[in-house]
Amino acid sequence: MPTWPARFSQRPGPSEMAAMAQVKKEEVRRAIIESAFELFTREGYVGTSLPMIAKGAGISSPNVYSYFSSKLAILYAIYDPWIRDRFEELEGRLFKLEMPADRLQALLTFLWRELPGLQSGFANNVIQAISTATPRDEYRTDLIAWLEGRIEQLVLDALPPARHALVVGTEMAHMIVMTMDGYIMYRHTRPLRKCSPETIDAFCTMLTGKR
């Protein structure tokens, strides 16, 4: 009669158990994120509840809090890498453009025309989240600070030194982000109404001082 190899009949040691638990934990966390991403994309942040996310992940609602402190924390776990990936792709496109003016136009076109509609307007979930957030939700400011810092540097790279004073020490990057947020919100109700190329051209002219 065949017998199991000894290594199959031995109980896993503490280190093996810990490793198995960590793998399981990562699997559950990934299931929560995937469930939330699908729901946020389809139902929006406001229309998605933690019980809905838990059901999609195949776990109980209270178990979600073992991984995330709030629905907002789940959103940031999705949005943070999402927006950073989009900017990495953008910077790759900008790097291929030789003329600084073309880079500035491409940057603003991305922020004000393209980003608001990416993946069914996914960025609008962040606008909904911020609008309904409470102090208990632990709203993060580090991501917006990173976003504004990247935009400021990209704008400076596209401007002649004589025009840097329009950006350095001002809230130009913040204004650009607020304009982006406005177009993100507006797309939710008027998906076909985008920032016009003429508006972007006019803004580029104001920044560069050149027609």
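Positions 129 to 339 (the working numbering) are the ones given, in order, by the sequence shown. Virtual Cβ for every residue (Gly too), placed ideally from N, Cα, C. Fair warning: this is a prediction, and the values are worked out from it, not measured in the lab.
Inter-residue distance for L203 and S177 is about 12 Å (C-alpha atoms, whole angstroms). L222 and R278 have their C-alpha atoms roughly 13 Å apart. Taking 8 Å as the upper bound for CB-CB distance, A301 and E276 are in contact here, some 4 Å apart.
In this chain, K338 is not harboured by any alpha helix (DSSP H), its DSSP state being neither H nor E. A residue is called buried when at least 16 other Cβ atoms come within 10 angstroms of its Cβ; V174 does not meet this threshold and is exposed. Distance from the CA atom of P179 to the CA atom of K199, rounded to whole angstroms, is 10 Å.
Cβ neighbours of L287 within its own chain (closer than 8 Å, five residues either side excluded): P228, L232, L294, V295, L335 and T336.
Counting only the Cα atoms, I206 lies some 7 Å from F165. Apart from the 5 residues on each side of it in sequence, R241 sits with its Cβ closer than 7 Å to the Cβ of K322 and C323 in its chain, given in chain order.
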